[in-house]
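Inspection log for the structure reproduced underneath, given as structure tokens.
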Amino acid sequence: MPVSAPLSGLKVAVVGDARALHATARWYADLGADVVLRRHTAPTARERAWLGEYDGGDGPVHADLRIVEQGADDSGVTATATVRFAGTGTTAPEPRMAMDERRLSGASGVAVAIGEPDRPALPLPDGALDHMVGSHVAGAGVAALLRGETEVEVAAVDVVAWSAVTNANLYLPYGARWERAGRRASGSGGCYPYSLFDVADGQYCLIGRTRRDWETLVTAMGSPEWAADPRYHDLRAMAKDYPQEVDDRMAPWLTSHTRADLNRIASEFGFPGGPVLTPGEVLDLPSLADRWRESDVDGTRVRTLREPFDVSEVGGAADDKPLRDVVVLDLSWVWSGPAVSVGLVDLGATVIKVESATRPDNTRLRGRPTGAVLPDDAPRLEVTPYFHACNRGKRSIALDLRTDDGRAELAKLAARADVIIENLSPGVMDRFGIAPHVVHEANPGCVYVSMRGYRAHPTTAGLRAYAPVLTAGAGVESLVRYPGESSIGMMTYGFSDANAASQGLLLVLAGLWARRSRGVGSHVVLSQHESAILANGGNLVDAQLGVGSDGLTPLRDDEPAVEMTDLRDSPWTSADLLTEVKSPWLGDVTVSRLPWRLGGAFPEVTAPGPALGEHTDEILTGRLGATASRVAELREAGVLT
């Protein structure tokens, strides 16, 4: 039976009233730590149901780790390591401010991209950002213990800005503004479709990132005659220049199907999509039937989600090593998984990204930035800023994993890896020959993290998991609406990816702590769908109490709504959060550091993302002991591509 206690034996004291820190306390408790939560004001019944109840710890408390909010009275609470938390960081022009979640959404550059054009910006649904920030605080605490740091600082604005800056690399370099665009992503995110659509019984989220995505959707629609027109073959023009025209073409088919119909069709044909659910509908999902726990809110029994992960431990781990010596095998792509491994780069680990020219990471496929002056021979897979934002500082090995030799080299790497991260479809790692149980037979100390879109269940089989589809299915997107109006969602901002990455990084670090403290390896399975549901947990409680809101209150004129282009110089962003990496082809690319100030400084960022296969020879010879002649044989056989 899986266990979920990688932090068992650890004592954590959390001091402060910020809801983000209550979320931190829940993360530590869900991971098996002994938690003391010392607040100066009592949490609401809603917060207790969602985020848990904890002992306040009468008298002095000595913990392994303490988390302290700026201005909180931490007298009598001591620990080996301390994480200090505030709304803004020490190097922000307005440092160490408290900041509520509503103001946070505007100050961090996110709210400006949520809402209708020419109308006020909207915040995120209540609790979502606080929960994501709380997972960062929890991760920073474990990192402090692993690195032997005594002081770490985390600022809420920096955490959310980290996510927004990463996300904006999908838009700004391509002439799409980071702005409000109603039901669709700004410029459709560069590739049609990317929007919420009306269907027979509500709304459905459709997102396409590749030509294959569009072609499978057209096939599912019965290959209508209009789709044969070359006008509807140019995905970028459809996305940027006439998306509403294409919406209108698809509307008769979409409105003749229910959300359940479309889910069945999406599973059959393989196009990315999912229903826009209300919080009440989330509570009735068959895939979550055994994932709830009950509590009492003012006499009403309510359900809240259990932890969104499962952990199976394996004994017999080898001696531990410091983070700077940890080797990570990265088999993830797009944002959620790569953001976990790039965080590990910032913490000192060596990350080997496994790639193939036959099916490159989608973030390599966005193409040349609009207006960029590049040499004619600039490789098209090396000129995407989004790729560099998610993969800076990694090393790349190119293997054709359709070949026996390619899989054999991958198995050798897996047998030596301290951490494996993957967010591929279920069954892919088995086909590659490195399923968790196979890896652990040879490498019992490996921390193997699988970031699934959904928990395995017949109702989710075959569904593809992109960020807005997951938040739509978590009840988040339905809440994003102006009062009294229909839902418009927050398509431009990929909250699910940022949120899952935050949780995934915490889970890797917790696994490394379990290896160090108890000599165990582990297989961690994170459901990104449930990650988003947990962040939306307070609104699920409201739905059961019948007190849900009828829309989000727009930001007022006196509340910040920082533009992405102004984020670096805003009063609330740490002055040293953002930096540049120099790509051989693109020049300077703006990226965010991991937003944890360890030992007084953010991590140093020095390298761009790797060229595809840039380190193949070095990894095969230096890490696996292959001879130069063997590498030449593999290349001649087409394995190294």
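For the sequence shown, my numbering begins at 1233 and goes up steadily by one.
All residues carry an ideal CB built from backbone N, CA and C; glycine is no exception.
DSSP places T1532 in the strand class (E or B) of the three-state scheme. Straight-line spacing of the CA atoms in E1836 and C1423 works out to 34 Å. Less than 7 Å separates the beta-carbon of V1342 from that of Y1725. Look at R1258 here: in three-state DSSP terms it is helix. In the three-state reduction of the DSSP assignment, S1802 falls in the coil class, being assigned neither a helical nor a strand state. The stretch 1362–1372 and the stretch 1736–1747 touch, with no fewer than 3 CB-CB distances between them shorter than 8 Å. Between M1683 and G1569, the C-beta gap is smaller than 7 Å, which places the two residues in contact. Counting C-beta atoms within 10 angstroms of its own C-beta, E1868 has fewer than 16 neighbours from the protein chains shown and is therefore classed as exposed. A residue is called buried once 16 or more other Cβ atoms fall within 10 Å of its Cβ, and W1828 is buried on that count.
If only uninterrupted beta strand (DSSP E) runs of at least 3 residues are considered, those enclosed by the stretch 1725–1800 are 1752–1759. Judged by DSSP secondary structure, K1472 falls within the alpha helix (DSSP H) whose first and last residues are 1467–1472.
At least 7 Å separates the beta-carbon of I1299 from that of M1722.
Between D1479 and R1525, the alpha-carbon positions lie close to 41 Å from each other. The Cβ atoms of G1778 and P1715 lie no closer than 7 Å to each other. A1417 is bridged by DSSP to nothing; it lacks a bridge partner.
H1363 places its beta carbon less than 7 Å from that of A1767. The three-state secondary structure of S1499, taken from DSSP, is helix. Three or more pairs of CB atoms, one per stretch, sit closer than 8 Å, so the stretch 1424–1437 contacts the stretch 1475–1490. For a cut-off of 8 Å, the C-beta gap from A1313 to A1376 is around 4 Å, short enough to register as a contact. Sorting G1770, L1520, L1354 by C-alpha distance to the C-alpha of S1340 places L1354 at the top. T1320 is positioned such that its CB atom lies closer than 7 Å to that of W1804.
Between A1318 and R1334 the beta-carbon gap is near 17 Å, outside 8 Å, which marks them as no contact. With respect to the 7 Å criterion, P1601 and P1405 are classified as neighbours on the basis of their beta carbons.
Burial check for P1462: the Cβ neighbour count within 10 Å stays below 16, so the residue is exposed.
When secondary structure is reduced to three states using DSSP, E1545 falls in the strand class. In the DSSP assignment, M1364 falls outside any beta strand (DSSP E) and lies within the alpha helix (DSSP H) extending over 1360–1379. Contact between L1336 and V1389 holds: CB atoms are separated by about 6 Å, below the 8 Å threshold. Across the structure, T1442 and P1592 are spaced so that their CA atoms are roughly 12 Å apart.
The straight-line gap separating the alpha-carbon atoms of D1798 and G1407 is approximately 17 Å. D1542 is positioned such that its CB atom lies closer than 7 Å to that of V1757.
Excluding five sequence positions before and after G1414, the CB atoms of its chain that fall closer than 8 Å to its own CB belong to G1347, E1348, P1349, I1720, given in chain order.
Bounds of the beta strand (DSSP E) holding P1507 are 1505–1507.
When only Cα atoms are considered, R1251 and R1639 end up about 46 Å apart. Taking 7 Å as the cut-off, the Cβ atoms of A1571 and A1733 count as close. Between the alpha carbons of G1512 and G1857 lies a gap of roughly 56 Å. For the 7 Å CB-CB criterion, E1587 and L1402 do not form a contact.
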